Structures are given as C-alpha cells and as structure tokens.
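Going by my numbering, 131 is the number at position 136 of the sequence shown; the sequence numbering is gapless.
For each residue, glycine too, the CB sits at the ideal point set by N, CA and C.
Everything numeric in this text was worked out from a predicted model, so none of it was measured.
Data first, discussion second: the structure below is written as structure tokens.
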Amino acid sequence: MKISDIASISDAQKFILDLYPNDNRDFSYVFGYATRHLGYLCKSLCKNSPSVEEFIRSISWLLALANKLEVDVEVSLIKRHPDICPYCVVAPCKCRWTGKKPAIGIKAYKIPEELFYRAEQIKREKKADFQSHCERLAIIYPGNAYKWDAIGPWQLTSKMQEELAEVHEAATRYLSGRKSIDAVAEEFADLFAWLLSAWGLSFPEGNVDDSFIEYYLAGCPVCGNNENCECELFADLSTQLVDSDKIKELEKLFLALSSEVGFDGDEVSEVLQSLEAASKSQSEPVARAAVDQAKAKTEELEKLVERGAKNAKNATTIAQAIYKAIENFPFVG
C-alpha cells in the first residue's frame, strides 16, 4: 500500500501493516508502545498543547496493535458507531437521560439489526476515512464538545485510558480462548471513537487523513525506509524523556554564544558543567535545573550584546537558536 493511495481507514491500517510487519514484535511489545504514545498524548491534551504528530503516532500504534489481532478497525468503527449511539440507538446521544438504554421502543435483539442497517448505508456512501468518522462522532455525541469547553479534556483522556485498558483485557481473554474476536473489535472501536473525538475537538479545522499521509510521506520517521521499516527493537524517537543528544546540542550552542560575546567567566563554566551533568545522568530534575540555568545566562549574555558586545549579529542568532532548542524540550513549560 502506497501512502498516496490511502483513502480509507482500512487503507491506513494496511499501510501500517506493510511498513511495519512487526514479525519479531509480539502483542505485548506493540501494546507497550501504544500505551506509551497514548499516555503522552493524554498528557499533552491535559496541558492543552497536543500536537498532530502525537495523534498520528497514537493512531499508528493502535492500528499496529489491531493488526496483531487481525481486527479490522474500519469495519469495527462503522459497525459499532454508524450514525447513532449503540446504547440509546439515536443521534444525538441521549444516554445521559436513558441510562444507556434505548431512547426508542426497540427490543434488545433488534439493536444489532438497526446498527447493521446504518453501517451498510455508510459503506454504500463510501465514507470510511478517519475524518468522516470524526464528523459522524461529533453529530452523535455533541455533548463531548460542551464538556470539553466547560471542564477541559479530562473526560476524554480518562476515557481513552479506560478503553485502552479494556482493549488489553479483551485481547488477553481472546488470546486465552475466553473472549470472541468481535468483543475485542468492539473495544478497539470505542477506543478509536474517543481518540477521534479528541482529534476533532483539538483540531476542528484539521484533517486527520491528510495529517496521517503527511506524517509518512518520507517513510518510517525513525529509519526513513519507504517500504519495510528496518528499525531494530526498541529503536524509537525520544519524545518525553531527557535526550542526552539534545542536551549536548544545547551545550554546544551555549558555548558558541559565550565565545561570540567574549565572556568566559565562572558562571559560564557552571552552566556548561550543569548541562554536562544533565547529559550524563539523563535525570529530569537535573535537566530542568540545567536548562533553566542556561536560559537565564543566555538572557544575561543577550544584554551584553545589546550594550555593544562584539559580533552582535551572530550572537543574537545563536541566542535565538538556544531559545528554540529549549522550547523543544518536553519538560519545559
């Protein structure tokens, strides 16, 4: 599957399977990474600073997890959430008032039939991409937007974590012969429903399908391979923890700035020692203190530039590079 040919959720899932066969990675391995990236996304959502990349990484690892179990995410989503709520069987959802019971006079055994009919209609309309599903969810569950505006993303993030746990429980029971694959598929559908709802509320003008394609235009973001990922086990991009390479780069920039300004006092040496300690220890408390120390001293050196220190233009450029590097540290802000 070529990235440019993706036109549906199933296409995206097939693309992930082709790029990441994961033959040497078992269910637990993939679940671990799915948990990591969803957890980081939830953290960013709670700080009101989610990135497109965090959403795409979470979606990708969950698609990879579904591939491990041969769950068709597109079919599961449409079957579980066609254009009505599966519990109250209407849209907009009225579960708040019905206690998750049907809001219309329909018998329990008739609910699957109604959902099937609705799902078949969606299939005929060929609206099976991520963005179409985001829009359907917004119509089915408008209350999510009201809650988001009133109390923030807390409910959605807790629901995503809850559904991820239920995916794991359903999957382990399926793997041990105590659950059907359909039960696992339902849990995947619920998890993706909350995830896509969060996307729609975070990026109301964005398109998740376009963002998915853009993320993978150059192949695997880690190894760069366009056909089959060649990453070794546990070869991944650092996104939240202290990255010693980034600390070292900040150290080089700070050293260059002090050299340009012509200032090499004890305080500069102390900053360099702190950054070196952060790089070696990779401890977040040490890294936080070292980065704050570097930022404060950079601000002081900038004032020297403003007072006419030599190489002012170069120094200002380096200082801006330092600030940009600091902003990219996940523990800043």
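Subject >> Chain-order list of residues whose beta-carbon lies under 7 Å from that of Ile79 (same chain, five-residue window excluded) >> reply: Val85, Ala86, Arg113, Ile135
**OP:** Find the nearest neighbour of Val286 within the set Ser197, Asn323, Arg131, judged by alpha-carbon distance.
**Re:** Selected option, being the one with the closest Cα: Asn323.
**OP:** With Asn62 as the anchor, note down where its alpha helix (DSSP H) starts and where it stops.
**Re:** Taken as a continuous stretch (DSSP letters only), the alpha helix (DSSP H) holding Asn62 covers 47 to 64.
Subject >> Neighbourhood of Ala272 by C-beta distance below 8 Å, restricted to the same chain and skipping five residues each side >> reply: Val281, Ala285
Original post:
Nearest CA to the CA of Gln150: which residue from Gln288, Cys37, Arg20?
Top reply: Cys37
Original post:
Expressed to the nearest angstrom, what Euclidean distance is found between the alpha-carbon atoms of Ala165 and Glu295?
Top reply: 57 Å
**OP:** Between the Cα of Tyr141 and those of Ser192, Cys224, Leu64, spot the shortest distance and give me the residue it belongs to.
**Re:** Ser192
**OP:** Tell me whether Gly172 sits in a helix, a strand or coil according to DSSP, three-state version.
**Re:** coil
Original post:
Along the chain, where does the alpha helix (DSSP H) that runs through Thr30 open and close?
Top reply: 22 to 41
**OP:** Taking 8 Å as the cut-off, decide whether the C-beta atoms of Asp124 and Glu158 are in contact.
**Re:** no
Original post:
Out of curiosity, what's the CA-to-CA distance linking Ala314 and Leu248?
Top reply: 8 Å
Original post:
Can you check whether the CB of Glu181 is closer than 8 Å to the CB of Arg75?
Top reply: Yes, they are a contact pair.
Original post:
What is the DSSP secondary structure of His76, counted as helix, strand or coil?
Top reply: coil
Subject >> Under the three-state DSSP convention, the category Ile101 falls into >> reply: coil
Original post:
Are the beta-carbon atoms of Ala7 and Phe207 separated by less than 8 Å?
Top reply: yes
Original post:
In this structure, does DSSP put Lys118 in helix, strand or coil?
Top reply: helix
Original post:
How should Leu72 be labelled, buried or exposed, when 16 other C-beta atoms within 10 angstroms of its C-beta is the threshold for buried?
Top reply: buried
Original post:
In whole angstroms, what is the alpha-carbon distance linking Arg31 and Gln116?
Top reply: 36 Å
**OP:** Would you kindly check if the distance between the Cβ of Ser39 and the Cβ of Glu49 is under 8 Å?
**Re:** The answer is yes: Cβ separation under 8 Å.
Original post:
Considering only the beta carbon of each residue, do Ala289 and Val256 sit closer than 8 Å?
Top reply: no
Original post:
Which class does Ser278 belong to by DSSP, given the choice of helix, strand or coil?
Top reply: coil
**OP:** Spatial neighbours of Arg91 within its chain, please: CB distance less than 6 Å, with the 5 preceding and 5 following residues excluded, ordered by chain position.
**Re:** none
Original post:
What are the uninterrupted segments assigned as alpha helix (DSSP H) that are 4 or more residues long and contained completely in the stretch 167 to 217, given in chain order?
Top reply: 176 to 197, 203 to 210
Original post:
For Thr93, does the three-state DSSP call read helix, strand or coil?
Top reply: helix
Original post:
What did DSSP end up calling Glu225 once you bin it into helix, strand or coil?
Top reply: coil
Subject >> Length of the line joining the Cα atoms of Lys9 and Asn19 >> reply: 18 Å
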